[in-house]
Structures are given as C-alpha cells and as structure tokens.
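One structure is given here, and the rest of the page talks about it.
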Amino acid sequence: MGSPVERSPTEGSPRLAEIYERKILEHLQSEAEALEQKRIQEHEERLQMVQDIPRSALSGEIDPSDVSALRYPSKFSGLGLGTQLTQEPEDMNAFSSSSQPTDSAGASPETSVTSIVPSSRGTPLPKDSMIEVLRYEIGKVKHEVGHLRHARDERNEQIKSLQEQLNEAQKKYHHSICTVRDEIRALSETVGQLRQELVKTRRERDEYAKEARQLQGKEARLNDELYKEKTSSQNVIQESADKEVVAKQEQDRLLMIIAELSRQEHTSKKKRPAEKVIQKPKEPGKSFLELDPLDVSSMHPVPADKEALTRLLTTKPERKSRKPQMYTGNLSNTTGRKWRKTHDSLTLPGGTLLLG
C-alpha cells in the first residue's frame, strides 16, 4: 500500500493561505533583521576595537609607560597584524631607552620612535606599517558594513515587494470571495424560487390527483350503473326469449293436440256413422277470448277416449323432427285470435272442428 498523499495546509482555503503567507513573511523578515543586526554588531565591535587603540599609537606619540594598547590579544584577532602586537617585551626599559633622543641627532622623542614593539625575538613593526594596516582594516570593515547595508536595503526592497504582492493577493482573494459570495447569494435566490415553484407544482399535482380520483369515482359509479342496466336489459331479453320459447312450445303443443284430435275424430268417423254435432251455446257473461282454449268439452259433445285425452293433455309431447303433414299453416297467438274472431270452425282433413 502506498503512503497517503500529503495535502497542503492551505489547500481549499484562501483565508488560511493568506495567514500562512503572512506568517512566512514575518518569519523571514525577523530572521533577516536578526542576521543583519548580528553582522552589524560584529562589525561595530571590530570598529570599536580599532577605535580603542590610543591615538598616540596612530600619530606616533606613544607613552613609553602605557603598554595597554599592546595587551589586547582578543581584540586584535582577525586584523591581519600577526602575533607581533601580542608579544610583550622582555625588558620594559627598552621603551625608555629607545625613546630617548640621541645627542648627535638632537631629535625629539616623537620623531625618533622607529618601532612600536621592540623585541629581541622578532622583527619590530614600523609605525607607518601599523597605521596602514589599521587603515586598511578600518576600510575593510567600512566596506563590509556598506555591503551589509546594501544587502539590508535589498532585503527591505524584497520584503516590500513581497508585502505588495501579498496585498495584491489579498485584494484578489477578497475580490474572489466577494464574487463567490454574490454567486452563492444568486444561487440561493434561485434555489428559493425553485422551491416555491416546486411547492406550487406539488399543490397543483395534489389538486389534479384529487380531481382524477373524483373522476375515477364518477366513472366507476357510471360503469356500475351501466353494468346494472346492461344486466337488467340482458335479463329482460332473456326472459322475453324464454317466454317466446315457452309460447312457441305451447303453440306447438296445441297444434299437436288439435292434430291428434282431428286424427281421432277421423278414425271414429270411419268406424261409426256420422253423428250430428250439436254446438253448445256459449257461456253467458264470457267473451270468446276469455274461454279456456284447453277446454275441449265445447268442441265435441262426447269425447272418443277420455283416458287418452286426459293423458294427452297432462303429458308434454315429444318434439318431432318435422311438423305433421296435415297442418301447413303458422298460427301465432294474435293471428289465431284474429282468425277465430272471423271463423267459427276449422276444416281439417279428418273433419270439421268447431271453435266454440
């Protein structure tokens, strides 16, 4: 497994980036100032060490009894004077003997001094050489101080430039933040409008759903009523068909009875002489249509066979494949009634049948 990816502490946060950059600049500036102050202090110390040298040593006027300028080994380190300034004379009276004027020259002690540190161990350092060395060291220190000041100025310029860049970045970040805030505000307003539209749309959807449910209820009721009407119509049609079938069967039965009676009458006429048929008078108080069509007592005075006639009237005859040949008409109830109104008898092949 790989190591986790390191993320920058300022990633995704402009405010943290500004704080981080400011802290870095402050840290760099403090370090630069501390370093510069340290170097300036070192050079000032070196300058002070040079300035601590007695002026009599630089001008040639040296007090033979003052040897304090020759006993600073730590202050004169790094000045390029070697070890000759740190050597103490073995004989302190050498200063007084060397500084005494000669009788032949007659010169003063200021002009007769030719060395600062007379010693039997090393070569004495001339006064002019020491002055040149000190001047060189002083110039070198001043030059380094100038370099340090120039570096300080450059560092200050860099810090100023970085500060300006930081200000520009802060302005850009502030502008970006303002722009983002404006966009967020606009998006919030848009979201609010969309939410209002969504609420309105949901309310309309609920109203439409309510109306749809009401319409569905009405449609269901209408369908139920239509189904009931259709069912009742079908029942009425079925009842009518059943009644028609029953009427047709009764008609066929009556026709069969009539045919059987005609056949029996025809057979009885062949066996015995013809009898005079006496028609019974109609029952008073009843019309022709009110008479019972199954009552055959009025059709013949004496039935040929009562048992056969009773059995014929009480049992339903079987359906035949075809109608009897002796009957070729089609008499319905209405037609039969109209026909009976105009005809009192029916002539069949077996004889004449009176109709009441």
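Following the UniProt record's numbering, the numbering of the sequence shown begins with 1 at its first residue and continues without gaps.
From the three backbone atoms N, C-alpha and C, an ideal C-beta is built for every residue, glycine too.
- Cβ-based burial, residue 258 [other Cβ within 10 Å; buried from 16]: buried
- Spatial neighbours of residue 150 within its chain, please: CB distance less than 6 Å, with the 5 preceding and 5 following residues excluded, ordered by chain position. none
- Item | Validate contact between the region 37 to 52 and the region 165 to 179 using beta carbons, cut 8 Å, 3 pairs | no
- Contact under 9 Å by Cβ, residue 18 with residue 173: yes
- Message: With distance defined between alpha-carbon atoms, name the residue in 180, 20, 141, 29 nearest to residue 158.
- Response: 29
- residue 185 to residue 199 span [Cα, whole Å]: 21 Å
- Task: Just tell me which of 148, 130, 24 has its CA closest to the CA of residue 42.
- Result: 148
- Can the beta-carbon of residue 163 be found less than 9 Å from the beta-carbon of residue 25? yes
- Message: Going by C-alpha to C-alpha distance, which of 223, 239, 152 sits closest to residue 38?
- Response: 152
- Task: Could you name the residues of the same chain whose beta carbon sits closer than 8 Å to that of residue 141, not counting the 5 residues immediately before and after it, in chain order?
- Result: 43, 46, 47, 50
- If you check the beta carbons only, do residue 133 and residue 40 fall under 9 Å apart? no
- Query: Taking buried to mean at least 16 other C-beta atoms within 10 Å of its own C-beta, is residue 232 buried or exposed?
  - Reply: exposed
- Query: How would you call residue 215, buried or exposed, if buried means at least 16 neighbouring beta carbons within 10 angstroms?
  - Reply: exposed
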